[in-house]
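Remarks on the structure that follows.
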Amino acid sequence: MIIYLIAITVFIIQCSIMYFIYFKDHKLFKSEMAAAYHANNNLDQFFYFLLVPCLNEEKVIQNTLQNLLNLAGQKEIVVIDDDSDD
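So in the UniProt record's numbering, spot 31 of the sequence shown is number 31, and the numbers just go up one at a time.
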């Protein structure tokens, strides 16, 4: 019984510490993430290798491929067909 109470106490203390750390650094973390997301990186420097599995996708494959082709950057698109009926 005492081990159970110790485990519950340790758990509550850990949760309290994590809660305090999260809210203490929340604004800093949020601003750092926003700055990293909006960095002036040139998206054309990225290379995408995309595998597109499809099975009976006649109705949507054209739209899917068009959206993938509209991505910025260099890309290689491989469509994998698994013996479709269409």
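All C-beta atoms in this analysis are idealised placements derived from N, C-alpha and C, irrespective of residue type, glycine included.
Treat the numbers as computed from the prediction; the structure is a model and nothing was measured.
Check                                                                                                                : Outcome
Straight-line Cα distance separating M1 from I8                                                                      : 11 angstroms
Own chain partners of L55 with C-beta closer than 6 angstroms, once the 5 adjacent residues on each side are dropped : D82, S84
Pair within 7 angstroms by beta-carbon distance, V52 and V79                                                         : yes
Distance CB(F49)-CB(E32) smaller than 7 angstroms                                                                    : no
Delimiting residues of the beta strand (DSSP E) encompassing F49                                                     : 47 to 54
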